[in-house]
Amino acid sequence: MSYLDKIVAQTRLDVAAAKAKIPEAELRRLIAARPLPAPLADALRRGAPLAVLAEFKKASPSKGDIAPDLVAAEQALRYASAGCNVVSVLTEPHWFKGSLDDLASVRDALGAHGHWPSVAVLRKDFLIDEYQLLQARAYGADTALLIVAILTPNELARLIAAARDLGFEPLVEVNTPDEMDAALAAGALVIGVNNRNLHTFTVDMSTTTRLGRMMPPGCAAQLVSLSGVSKADDVAPALAGGATGVLVGEALMRAADPAKLIRELRGAGVAARGSDGDGAAAPRLGHRPLVKVCGLKTADAALDAAEAGADLLGLIFAQGSKRKVSADDARAIVAAVKQRRGTADGELPPLPTTATTAAGVGAWFSAGAAWIEASIRALGRPLVVGVFQDQPAEEINATVAAAGLDVVQLHGHEPPALAAQLSVPCMRVLHVPAGADASVVLAQLPPLVGGPIALLLDTQVADARGGTGQTFDWSLAAKLGAAGVPCLVAGGLSASNVHEAIAASAPCWGVDASSGLESAGEKDGAKVVAYVRSAKAAVE
Numbered sequence: 010m011s012y013l014d015k016i017v018a019q020t021r022l023d024v025a026a027a028k029a030k031i032p033e034a035e036l037r038r039l040i041a042a043r044p045l046p047a048p049l050a051d052a053l054r055r056g057a058p059l060a061v062l063a064e065f066k067k068a069s070p071s072k073g074d075i076a077p078d079l080v081a082a083e084q085a086l087r088y089a090s091a092g093c094n095v096v097s098v099l100t101e102p103h104w105f106k107g108s109l110d111d112l113a114s115v116r117d118a119l120g121a122h123g124h125w126p127s128v129a130v131l132r133k134d135f136l137i138d139e140y141q142l143l144q145a146r147a148y149g150a151d152t153a154l155l156i157v158a159i160l161t162p163n164e165l166a167r168l169i170a171a172a173r174d175l176g177f178e179p180l181v182e183v184n185t186p187d188e189m190d191a192a193l194a195a196g197a198l199v200i201g202v203n204n205r206n207l208h209t210f211t212v213d214m215s216t217t218t219r220l221g222r223m224m225p226p227g228c229a230a231q232l233v234s235l236s237g238v239s240k241a242d243d244v245a246p247a248l249a250g251g252a253t254g255v256l257v258g259e260a261l262m263r264a265a266d267p268a269k270l271i272r273e274l275r276g277a278g279v280a281a282r283g284s285d286g287d288g289a290a291a292p293r294l295g296h297r298p299l300v301k302v303c304g305l306k307t308a309d310a311a312l313d314a315a316e317a318g319a320d321l322l323g324l325i326f327a328q329g330s331k332r333k334v335s336a337d338d339a340r341a342i343v344a345a346v347k348q349r350r351g352t353a354d355g356e357l358p359p360l361p362t363t364a365t366t367a368a369g370v371g372a373w374f375s376a377g378a379a380w381i382e383a384s385i386r387a388l389g390r391p392l393v394v395g396v397f398q399d400q401p402a403e404e405i406n407a408t409v410a411a412a413g414l415d416v417v418q419l420h421g422h423e424p425p426a427l428a429a430q431l432s433v434p435c436m437r438v439l440h441v442p443a444g445a446d447a448s449v450v451l452a453q454l455p456p457l458v459g460g461p462i463a464l465l466l467d468t469q470v471a472d473a474r475g476g477t478g479q480t481f482d483w484s485l486a487a488k489l490g491a492a493g494v495p496c497l498v499a500g501g502l503s504a505s506n507v508h509e510a511i512a513a514s515a516p517c518w519g520v521d522a523s524s525g526l527e528s529a530g531e532k533d534g535a536k537v538v539a540y541v542r543s544a545k546a547a548v549e
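Note that the numbering used here gives residue 410 to position 401 of the sequence shown, counting from 1, and the numbers run on in steps of one.
Okay, structure coming up:
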């Protein structure tokens, strides 16, 4: 029996004993007395170009005792004072000599000394039951580790959903390509690549690079390198593999001056990224944007876009649009796109829950972006998006049902409440006037949380909305991205400028084009292919 098998078997016994001692209702009472958790994604972004997750770990199965006499709260304060972004607390009692009391003491100390909520607290353990998530929140954790190696796909999806219902995003740990596939399919938003094999406890530092390459185009998930990082020289390879953060445990626990090591790690991140460390997120290497082709009117044009690699296909139903399609034509287009794959659609991942709204604007739209990406992977084809403008919910839902649309795009001035009346998830367009300021745009977003799951920025020109062929200041999208709000960039894009738009709006979640892909008012297959390829090649 491997280390991992032994630990999981013991964990099952521990969970059963804990349930008998402290009922779930008591944990929920403790949770109700705690403030909302600090968002993990925000903590990681604040650490850009390199977030440091500093771990408190008294022992391990492979090393035995590491620092059994250190006090959790005191060590956490050393970490936080040196500039770490997350404090990870091992709570497994048998092999790692941790406890939930360690977790609570760390959270209380960080709060008492003003480090929380800017420094988040992670419960690191072998979680197999929703009860352990309740424990994590009750004892002060802002997030918790989910290890794909010990969970079935259904268990992973259930625990991610349960964590989000409690208001936090879990850190999902992977070690193999199959585990990375499972994490992505489950819609994980923060993925940790464990360089240590939990069955053998051997370390391979190239694991982060190998699995980081599997992150798909436009993926909104953040990547963290776990285990094996012990010095500044280990940072550059982790960043090159796509990570935006590193977890460091044993080296910090053994260090005579852990604060000095944290500063060295962060300095190495700045040197590797060439950043001034002001907290703006650097685009992840290999993070290619999603690509949307809009204004499609025929099945042939839609298939051209799909073959080129488009992720989203837009059909316009707005009254008065020269690109408007009928429900019958739309049904034929959708059927052609679905038949191209040759197999029935798979099951879609669960939508973000309303509990995610408590975590704020960035968490809501990041979860929505992750749902769209996971849905594209689950279906194995582009999503078909129906574009509507100031039309009633009854009309939109009837068209969705008749045509078989996957997603709706609201392109007018629809009230936020309309999203809840729709039969499928929706995206929302924000019309960007000349000289728009990011703070003004961000101020529009809180009322949208809990409604549309994704945003698209498009150029506002007089009374025209969309299809104008004119661009806006793409740095606005970059500022939203740096604030943790992924969005699609539209307005005047074509093969000739999409590369520039992606660079200027980095970290760019996606792009959308219509009029720039046409000749004589019809989609030009060559222009579509060139645009998609240019967008996909913009970030390698």
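We treat Cβ as the ideally placed atom computed from N, Cα and C, and that holds for glycine.
All values derive from a computational prediction rather than experimental measurement.
Annotated three-state conformation of methionine 223 is coil, per DSSP.
Burial is judged here by how many other beta carbons sit within 10 angstroms of a residue's own beta carbon; aspartate 320 has at least 16 and is buried. With distances taken between CA atoms, alanine 171 lies nearest to Tyr140 out of Gly237, Tyr140, Ile31. Only exposed fits glutamine 348, as fewer than 16 other CB atoms lie within 10 angstroms of its CB. Rounded to whole angstroms, the separation of the alpha carbons of leucine 431 and alanine 308 is 25 Å. Per DSSP, serine 97 lies in no alpha helix (DSSP H) segment; the continuous beta strand (DSSP E) that holds it begins and ends at 95 to 99.
C-alpha of aspartate 482 to C-alpha of aspartate 14: approximately 54 Å in a straight line. Take the alpha-carbon of alanine 522 and the one of glycine 413: they are about 22 Å apart.
Distance from the CA atom of aspartate 74 to the CA atom of aspartate 134, rounded to whole angstroms, is 17 Å. The count of Cβ pairs closer than 8 Å, one atom from the stretch 437 to 444 and one from the stretch 345 to 361, stays below three, leaving the stretches out of contact. Around alanine 76, the same chain offers Lys67, Met262, Arg263 as residues with beta carbons nearer than 7 Å, after the five sequence neighbours per side are excluded. Closest in C-alpha terms to glycine 493, from the list Pro46, Asp51, Ala194, comes Asp51. With contacts defined as CB atoms closer than 8 Å, leucine 324 and leucine 312 fail to qualify as a contacting pair. By the neighbour-count criterion, in which a residue is buried when 16 or more other Cβ atoms sit within 10 angstroms of its Cβ, methionine 10 is exposed. Contact between the stretch 211 to 228 and the stretch 27 to 46 is absent, with fewer than three C-beta pairs closer than 8 Å. The Cβ-Cβ distance between asparagine 163 and glutamate 182 does not fall below 8 Å. Apart from sequence neighbours up to five positions away, the residues of its chain that approach leucine 79 with a beta-carbon distance below 8 Å are Phe65, Lys67, Met262, ordered along the chain. For valine 233 against valine 255, the beta-carbon gap comes to about 7 Å, under 8 Å, which counts as contact.
Secondary structure note for arginine 437: its beta strand (DSSP E) is the uninterrupted segment 435 to 441.
Histidine 124 counts as buried, since at least 16 other C-beta atoms from the protein chains shown sit within 10 angstroms of its C-beta. From the listed residues Ala378, Ser236, Arg132, Val98, the smallest Cα separation to proline 495 is found for Ala378. By the CB criterion at 8 Å, leucine 451 and leucine 466 fall outside the cutoff. Residue pairing by DSSP places isoleucine 156 opposite Glu182 in a beta bridge. Counting the other CB atoms within 10 Å of its CB gives serine 97 a total of 16 or more, which places it among the buried residues.
Short of 6 Å from the beta carbon of glutamine 398, and not among the five residues preceding or following it, lie these beta carbons of its own chain, in chain order: Ala327, His420, Gly421. In this structure glutamine 453 is exposed. Its beta-carbon is surrounded by fewer than 16 other beta-carbon atoms within 10 angstroms. Within a 10 Å sphere around the beta-carbon of arginine 222 sit fewer than 16 other beta-carbons, which makes this residue exposed. If the five residues before and after glycine 329 are omitted, its C-beta is found closer than 8 Å to no C-beta atom of its own chain.
Beta-bridge partners assigned by DSSP to cysteine 496: Leu464. DSSP places serine 528 in the strand class (E or B) of the three-state scheme. Taking the Cα positions, lysine 488 is about 22 Å away from glycine 459. Take glutamate 33, set aside five residues on each side of it, and the residues of its chain with a beta-carbon closer than 7 Å to its own are Tyr140, Leu143, in chain order. Listed in chain order, the non-local C-beta contacts of glutamate 273 below 6 Å within the same chain comprise Ala241, local neighbours out to five positions each way being set aside. Residue environment for glycine 56: buried (at least 16 other C-beta atoms within 10 angstroms of its C-beta). Annotated three-state conformation of glycine 92 is coil, per DSSP.
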